[in-house]
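Residue numbers (my numbering), protein chains in the order written: chain A, 152 to 418; chain B, 18 to 355; chain C, 215 to 554.
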Amino acid sequence: MSMINRNPYISFPSEILDVIKHTEKEYTFRMAFQGDVKPGQFFEVSIPKFGEAPISVSGIEEGVSVDLTIRRVGRVTNMVFEHMKGESLLMRGPYGNGFDLDLYRDGEVIVVAGGTGVSPVRGVVEALSLTEDAADKHVIVGFRSPDDMLFRKDLANWEERLDLWLTVDGAPEGYEGKVGLVTKYIPEIELKDVSSARAIVVGPPAMMRFSVMGLLEKGFKEENIWVSQERKMCCGLGICGHCRVGDKYICLDGPVFNYTESKDMID
Amino acid sequence: MGYTLTRSEFDQVLEGLSEKYRLYAPVLKKGQGRFTDTDVVIYDFVYSSSEIEFEKKSDYSFKEILTPLSQTLFFFTENVIKEADIDDSEAVVFLRSCDMHALKRLDQIYLHNGSHVDSFYKKIRDKLHFVLIGCTSSFQDCFCVSMGTNRTEDGYLFSVNYVDGHYDVDLKDASLEELFADSGAAAGDVTAAYVTENEVEVHVPEEIPNSVIGSDLWKEYDKRCVACGRCNLVCPTCSCFTMQDAYYTDNGKVGERRRVGASCMIDGYSTVAGGGEYRKKHGERMRFKTLHKISDFRKRYGYDMCVGCGRCDDVCPEYISFSNIINKVDAAVKEGES
Amino acid sequence: MIRDYDMKDYKRNAFRQSKHRGEIASRVRVPGGRIDAESLMRVVEIAEKYGDGTVNLTNRQGFEIPHIRIEDRDKVNEELQLIIENTGVNQGEPGEGYPASGTRNVVACPGQDLCPFGCYDTKELAQKIDKMIFPNNHHVKIACTGCSNDCAHVRLNDFGIIGQTEPQYDPNRCIGCEQCVKYCSKRSVGALSVVNGKIVRDTNKCIGCGVCVNYCPTRAWTRSKEHYFRLELMGRTGKKNPRLGEDFLKWADEESICKIIKNTYDYLDAYLDMAAVESKEHIGYIIDRTGVEEYLKYAMKDVELGPKCEMAGRIYWGGKRYDQTNELRKSMFRFSDREE
Numbered sequence: 152m153s154m155i156n157r158n159p160y161i162s163f164p165s166e167i168l169d170v171i172k173h174t175e176k177e178y179t180f181r182m183a184f185q186g187d188v189k190p191g192q193f194f195e196v197s198i199p200k201f202g203e204a205p206i207s208v209s210g211i212e213e214g215v216s217v218d219l220t221i222r223r224v225g226r227v228t229n230m231v232f233e234h235m236k237g238e239s240l241l242m243r244g245p246y247g248n249g250f251d252l253d254l255y256r257d258g259e260v261i262v263v264a265g266g267t268g269v270s271p272v273r274g275v276v277e278a279l280s281l282t283e284d285a286a287d288k289h290v291i292v293g294f295r296s297p298d299d300m301l302f303r304k305d306l307a308n309w310e311e312r313l314d315l316w317l318t319v320d321g322a323p324e325g326y327e328g329k330v331g332l333v334t335k336y337i338p339e340i341e342l343k344d345v346s347s348a349r350a351i352v353v354g355p356p357a358m359m360r361f362s363v364m365g366l367l368e369k370g371f372k373e374e375n376i377w378v379s380q381e382r383k384m385c386c387g388l389g390i391c392g393h394c395r396v397g398d399k400y401i402c403l404d405g406p407v408f409n410y411t412e413s414k415d416m417i418d
Numbered sequence: 018m019g020y021t022l023t024r025s026e027f028d029q030v031l032e033g034l035s036e037k038y039r040l041y042a043p044v045l046k047k048g049q050g051r052f053t054d055t056d057v058v059i060y061d062f063v064y065s066s067s068e069i070e071f072e073k074k075s076d077y078s079f080k081e082i083l084t085p086l087s088q089t090l091f092f093f094t095e096n097v098i099k100e101a102d103i104d105d106s107e108a109v110v111f112l113r114s115c116d117m118h119a120l121k122r123l124d125q126i127y128l129h130n131g132s133h134v135d136s137f138y139k140k141i142r143d144k145l146h147f148v149l150i151g152c153t154s155s156f157q158d159c160f161c162v163s164m165g166t167n168r169t170e171d172g173y174l175f176s177v178n179y180v181d182g183h184y185d186v187d188l189k190d191a192s193l194e195e196l197f198a199d200s201g202a203a204a205g206d207v208t209a210a211y212v213t214e215n216e217v218e219v220h221v222p223e224e225i226p227n228s229v230i231g232s233d234l235w236k237e238y239d240k241r242c243v244a245c246g247r248c249n250l251v252c253p254t255c256s257c258f259t260m261q262d263a264y265y266t267d268n269g270k271v272g273e274r275r276r277v278g279a280s281c282m283i284d285g286y287s288t289v290a291g292g293g294e295y296r297k298k299h300g301e302r303m304r305f306k307t308l309h310k311i312s313d314f315r316k317r318y319g320y321d322m323c324v325g326c327g328r329c330d331d332v333c334p335e336y337i338s339f340s341n342i343i344n345k346v347d348a349a350v351k352e353g354e355s
Numbered sequence: 215m216i217r218d219y220d221m222k223d224y225k226r227n228a229f230r231q232s233k234h235r236g237e238i239a240s241r242v243r244v245p246g247g248r249i250d251a252e253s254l255m256r257v258v259e260i261a262e263k264y265g266d267g268t269v270n271l272t273n274r275q276g277f278e279i280p281h282i283r284i285e286d287r288d289k290v291n292e293e294l295q296l297i298i299e300n301t302g303v304n305q306g307e308p309g310e311g312y313p314a315s316g317t318r319n320v321v322a323c324p325g326q327d328l329c330p331f332g333c334y335d336t337k338e339l340a341q342k343i344d345k346m347i348f349p350n351n352h353h354v355k356i357a358c359t360g361c362s363n364d365c366a367h368v369r370l371n372d373f374g375i376i377g378q379t380e381p382q383y384d385p386n387r388c389i390g391c392e393q394c395v396k397y398c399s400k401r402s403v404g405a406l407s408v409v410n411g412k413i414v415r416d417t418n419k420c421i422g423c424g425v426c427v428n429y430c431p432t433r434a435w436t437r438s439k440e441h442y443f444r445l446e447l448m449g450r451t452g453k454k455n456p457r458l459g460e461d462f463l464k465w466a467d468e469e470s471i472c473k474i475i476k477n478t479y480d481y482l483d484a485y486l487d488m489a490a491v492e493s494k495e496h497i498g499y500i501i502d503r504t505g506v507e508e509y510l511k512y513a514m515k516d517v518e519l520g521p522k523c524e525m526a527g528r529i530y531w532g533g534k535r536y537d538q539t540n541e542l543r544k545s546m547f548r549f550s551d552r553e554e
């Protein structure tokens, strides 16, 4: 069937291959998916009679599955959490541009990710951790508290392979890891050549704004910074209008934007 | 080919058209206005000329046929998802020049924004034909001349000017010639009427720098605007929608997914799961809407979204004038340049 | 000059007896409180020519021209003729002023003519009722208000007429913006709720104020073709037992209300205590005496309420009972209790 006649709102069923529980409120659903997909893209997960929710791809096993890390925050995601391994979920996508891995494979890179913002870059960080010069890949990951940490297994792996800075905004007494906002650690990373280094920033709006400021202060060129945006998305197709910012549609033109574009995107 | 028709001749033409098409036109709904014993002009299906409101601007636009205010997309039963049937019978829509231009904007979003085509929209759109209602004079708040939408040369079956109780038709579609000839209509020299001047004039700046976003001019609307969204809902070019799922209360296993009209002025439009909202202040929403209409849309597709129909001005309960906002933006841009 | 005037006759002729010896005040009747500019000018002229150049605005939307000499009555009546004709007030003999004063001016809020919330033309109904019941010497107070806001304070009248509209809902035009729900809750009674993205109206709670219609951005809510009315009965002020009128009918039609009012005069003819001071007795007190049932026998004669109309099963009036006690210090509730 041609694109023209296909109904883009129809979802397909996908089997839940595995459910990985990170916290009470955050699970990763490993969904059977064989098509082309990139980290940073997203799917609309559909629960008939409850609605749809845009969920970014947090991991990919090519030709086999995609990981969808879901935070339980509403009607739809509550229902998703009722589903178990072996059952199916409806979804449509992938949508959006995603990260172009070739841009970050070589040379020095800083990834700054906060909270569920880790999901869209998890695939990127995983790829970076497997590069030859993984020591030049610096990853700052921030969570609200030690209990909110996602992808613990991955974090342990990354710790081994690349330069990981794991921090929490606040922690109970006796916590031995780093404490403080991600922005605190941006200046501490030592780079060989900031003029050619690239950066990815993903997380809540305020965290992204201050992280980009930190990177620019550090000497990063605007064109070497990428951000992944999050907005309300209803259709994922560039039609419903909710995710538009200026002349850009986050679901079509993003969610990943070079900072030279995103700096002019004002809600 | 031009014709001058009496009411009964025109009715005969409409009767002939009705055999093949459903006719969709502005209709004066008695007593259905906001206030007691006031009327409103809304689009509806008609059969004869007496039902069509030729002398007023419609309060709500024709867009409701293409993008219904509430449209069911899917029905859900226990295990089956059924795509809702769409009424896609052939239809003829009576509209004015500004609305013909608005149609192009709706097509842009629903058919040509990215690679996805909205199949629900397309099904209806493919079956629509148009009749242009000529404008013999400008209405209150219209500024189509400034927006370059006062004239439409093609894309319709025929145009009709309603003048002094008769109907002057400029027939474009040759296949309807017989229908007009049979009605007994007198041939005449007719072209679609259009206005060359509006009382309201705006000047849209060629380029609107981002500095306008931070301008103080929006602050006034934090208080003045009540975020009712009427401007969006009457606008022929506003096309946003929100998905809405429901299960029937008497049987939770059965339900539907629908989409309903959305307004960037109304609370909730930019609210994400978890409660974050990207534009809380009403002035910010006004800026977001305004810049879309006269700048952002143009950056993406090369022409302005606003068609200058002035319905937003007509409907605003707080007497906020969109045309005045355009001119305020223009002044702010000029001030920034000097 | 011998000063021998039949003050009863003056009063029935709509002149108030003044405490200033030799003076009267002319009471100008303005049904619905709407007067044409020409008549208004005449009020001014009378005040300047026969009064002291001042005019009182009355609580019931009329005028009172004070400080008129008793012997100028006929001249003033002649001047009033223009006003009486312009306001369409029923009259006996032209040139002889107002033929009665007992049945008070019918009051009206601005209503649909001006007010976005007005559910009917209050002025028109007030004028219609006035034409129907005036002249009459029975002491009856009637007021019309456009919506449940009751700006006209109709609950202080024997008959309080409150406009209602029955909201009509078209789910196909509803986008679920919930503004109706919000404003119904904030400005009215909170009769609306959202079920599955669409609105459900609690028909028992809904007072027919039309707020939902006013705030609906899509015309999903519209007004009913029919104008409906809530009728409040027997509110009053006064020394003995002031009280608010009580709900008698809701979703009533105009014709029924007019009939009930007209029928009430037959009841008054039958039961008015002629021994009362100045033969003037409030209907409410008569009903207290005869019982509501007896009153309704008269009032509901030939009245056919519409299918939507609801009638109160029983009516109980509350209010102050100054004729029983006026004790404040020993009242049940004391502010000092609240602070503990």
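The C-beta atom is built at its ideal place from N, Cα and C for all residues, glycine as well.
Residue pairing by DSSP puts Asn270 of chain C in a beta bridge opposite C:Glu278. Within chain C, no C-beta atom comes less than 7 Å from the C-beta of Ser78 of chain B; the nearest is roughly 12 Å away. Distances from the alpha-carbon of Leu86 of chain B to those of B:Lys140, B:Asn249, B:Cys333 and B:Arg142 put B:Asn249 closest. With a minimum length of 4 residues, the unbroken runs of alpha helix (DSSP H) contained wholly in the stretch 275-318 of chain A fall at 303-312. For Cys358 of chain C, the enclosing beta strand (DSSP E) begins and ends at Ile356 to Thr359.
Taking C-alpha positions only, Asp143 of chain B is separated from Glu277 of chain A by approximately 47 Å.
Under the DSSP assignment, Thr411 of chain A falls in the alpha helix (DSSP H) whose first and last residues are Tyr410 to Ser413. The continuous beta strand (DSSP E) containing Thr89 of chain B extends over residues Ser87 to Phe93. According to DSSP, Leu219 of chain A shares a beta bridge with A:Phe180 and A:Val208. Between Val320 of chain C and Thr359 of chain C, the alpha-carbon positions lie close to 11 Å from each other.
In the three-state reduction of the DSSP assignment, Arg317 of chain B falls in the helix class. Taking Cys152 of chain B as reference, the option from B:Tyr320, B:Val162 and B:Asp61 with the minimal CA-CA separation is B:Val162.
Looking at the backbone, the Cα of Trp235 of chain B and that of Glu335 of chain B are separated by about 15 Å. A residue is called buried once 16 or more other Cβ atoms fall within 10 Å of its Cβ, and Asp313 of chain B is buried on that count. DSSP places Gln29 of chain B in no beta strand (DSSP E) but in the uninterrupted alpha helix (DSSP H) bounded by Arg24 to Lys37. Ala348 of chain A sits close to Leu342 of chain A, with the two beta carbons spaced by under 7 Å. Contacts between Ile283 of chain B and chain C, judged by CB atoms closer than 7 Å, involve Cys391 in chain order. The residue among C:Arg444, C:Cys333, C:Gly306 and C:Tyr536 with its C-alpha nearest the C-alpha of Gly50 of chain B is C:Cys333.
Bounds of the alpha helix (DSSP H) holding Ser362 of chain A are Pro356 to Lys369.
In the DSSP assignment, Arg113 of chain B falls within the unbroken beta strand (DSSP E) covering Ala108 to Arg113.
Annotated three-state conformation of Gly266 of chain A is helix, per DSSP.
With a cutoff of 7 Å on beta-carbon distance, Cys423 of chain C and Ser402 of chain C are scored as near each other. Neighbours of His393 of chain A in chain B, taken as residues at a C-beta separation under 8 Å, are given in chain order as Cys257, Thr259, Ala279, Tyr286 and Ser287. Judged by beta-carbon spacing, Ala101 of chain B lies beyond the 7 Å limit of Pro253 of chain B, meaning their Cβ atoms are not closer than that value. In the structure shown, Gly231 of chain B falls within a helical segment according to DSSP collapsed to helix, strand and coil.
Among the residues of the stretch 313-345 of chain C, those with a Cβ less than 9 Å away from any Cβ of chain B are Gly325, Gln326, Cys329, Pro330, Phe331, Gly332, Cys333, Tyr334 and Asp335, in the order of the chain. If you compare the alpha carbons of C:Thr301, C:Thr504, C:Leu271 and C:Lys453 with that of Ser253 of chain C, the shortest gap goes to C:Thr301. Pro349 of chain C has a beta carbon lying at 7 Å or more from every beta carbon in chain B.
The three-state secondary structure of Asn428 of chain C, taken from DSSP, is helix. Residues of chain A with a Cβ closer than 7 Å to the Cβ of Leu90 of chain B are, in chain order, Tyr160. Apart from sequence neighbours up to five positions away, the residues of its chain that approach Cys394 of chain C with a beta-carbon distance below 7 Å are Leu406, Ile413, Cys426, Tyr429, Cys430 and Trp435, ordered along the chain. Here Val324 of chain B carries a coil assignment [DSSP, helix/strand/coil].
Against chain B, the CB of Gly265 of chain C has no partner CB under 7 Å away; the residue lies outside that interface. Contact between Ile82 of chain B and Tyr60 of chain B holds, since their C-beta atoms are separated by about 6 Å, short of 8 Å. Taking every protein chain shown into account, the CB of Lys399 of chain A has 16 or more other CB atoms within 10 angstroms, so this residue is buried.
It is roughly 27 Å from the alpha-carbon of Cys326 of chain B to the alpha-carbon of Tyr38 of chain B.
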